[in-house]
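First the structure, in the form of structure tokens, and then the observations on it.
Numbering (UniProt numbering), first residue to last: 1 to 345.
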């Protein structure tokens with residue numbers, strides 16, 4: 001993996017410092033079985049926008065720690081579908097917990113979709129929702145991915161987002177970029193680009209890009225060599241590199257896109273105490289160490305080190321997009337992206 005030019009780190013830590021806690025319900029500790037009479041027994045219904053590589057080890061550990069609570073898991077193909085399901089069931093919620101996707105997506109959900117509840121482990125995470133409707137469960141950074149069989153001269157590798165606007169990448173749309181309407185990863189990338197370089201940056205970048213339908217097409221397209229460049233979540237990229245994929249991962253020197261992965265208790269959940277216990281467990285040191293060791297993803301806790309081989313957060317120039325723009329005004333952001341994309345064709 002390669003870093004571009006080094007800048008002072010901002011972003012997750014800065015966001016954490018800037019948020020002020022607001023009043024919510026009582027703190028829920030979620031102690032293990034035998035020590036918490038308030039945690040319900042029975043089933044907690046979890047809607048997850050994660051694959052089994054994330055959910056399986058953590059759910060197994062939860063059910064071992066809380067043998068009186070079983071997890072009923074429903075997987076969603078993406079964060080958008082998960083949020084849409086929660087919103088469609090608001091009059092009669094069938095799920096208890098939403099797990100997976102970025103904080104921006106949860107913040108943009110319909111009012112009343114998620115319950116405001118302060119949990120004990122909130123204070124250990126790198127960032128906290130002032131309204132306590134979402135709770136940080138992981139931190140995910142995005143890197144530029146270079147297919148080294150398509151780009152054989154290492155001296156020509158891009159080091160920054162700014163380099164991706166170079167017309168040399170224009171031939172046949174050599175940069176894979178997922179549509180941010182369907183990809184939470186690309187929405188975070190878009191927010192980072194605009195935060196660092198304003199909207200005019202897209203006038204140079206989009207003519208060089210091939211906009212694909214979803215994140216998987218972006219990731220796989222670079223891995224297979226269909227595209228010379230693209231973007232990838234660092235945990236998946238590191239796994240593929242370790243497996244021998246012809247990829248070089250580059251953390252852009254000008255700004256590094258990042259997502260805070262979150263979970264939430266669904267408003268009106270039929271098993272609210274079990275839901276609170278589950279979400280609080282997701283932020284526990286035990287679960288967060290599993291996130292690092294078994295999943296290879298960064299923890300959302302301040303006291304858990306990143307996976308081996310990944311750079312420390314303070315080595316990178318992390319993006320800190322304005323939440324008033326990118327979380328609460330998402331429709332306007334996407335409409336402006338559509339305008340830029342149309343003008344680039």
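Glycine is no exception: its CB is placed at the ideal position from the N, C-alpha and C atoms.
- In this structure, residue 97 keeps its C-beta atom at 8 Å or more from the C-beta atom of residue 66.
- Using a C-beta cut-off of 8 Å, the stretch 196-210 makes no contact with the stretch 272-291, since fewer than three inter-stretch Cβ pairs fall below that distance.
- Residue 155 and residue 71 have their C-alpha atoms spaced approximately 50 Å apart.
- DSSP places residue 43 inside the beta strand (DSSP E), whose first and last residues are 42-48.
- When only Cα atoms are considered, residue 299 and residue 150 end up about 33 Å apart.
- Per DSSP, residue 205 is not a residue of any beta strand (DSSP E); the alpha helix (DSSP H) it occupies stretches across 201-205.
- Following the DSSP letters along the chain, one finds residue 210 inside the beta strand (DSSP E) bounded by residues 209-212.
- Residue range 135-147 is occupied by the beta strand (DSSP E) that includes residue 137, with no alpha helix (DSSP H) assigned at that position.
- Scanning its chain for C-beta atoms nearer than 6 Å, with the 5 sequence neighbours on each side dropped, one finds around residue 161 the residues 193, 252, 254, in chain order.
- Closest in C-alpha terms to residue 307, from the list 205, 237, 321, comes 237.
- For the pair of segments examined, the stretch 76-87 was found not to touch the stretch 222-241: the number of CB pairs separated by less than 8 Å stays below three.
- Shown here for residue 326: same chain residues with a beta carbon closer than 7 Å to its own, the five before and five after excluded, namely 104, 191, 333 in chain order.
- Distance from the CA atom of residue 100 to the CA atom of residue 128, rounded to whole angstroms, is 16 Å.
- Under a 10 Å Cβ-count criterion, residue 64 is classified as exposed, with fewer than 16 other Cβ atoms of the shown protein chains found around its own Cβ.
- Pairing residue 125 with residue 271 gives a Cβ-Cβ distance that is not under 8 Å.
- When DSSP states are grouped into helix, strand and coil, residue 85 belongs to the helix group.
- Spanning the alpha carbons of residue 195 and residue 143 requires a straight line of approximately 16 Å.
- Around residue 148, the same chain offers 246, 248 as residues with beta carbons nearer than 6 Å, after the five sequence neighbours per side are excluded.
- Per DSSP, the continuous alpha helix (DSSP H) segment holding residue 61 begins and ends at 52-65.
- DSSP places residue 73 in the strand class (E or B) of the three-state scheme.
- Just so you know, the alpha carbons of residue 159 and residue 145 end up roughly 11 Å apart.
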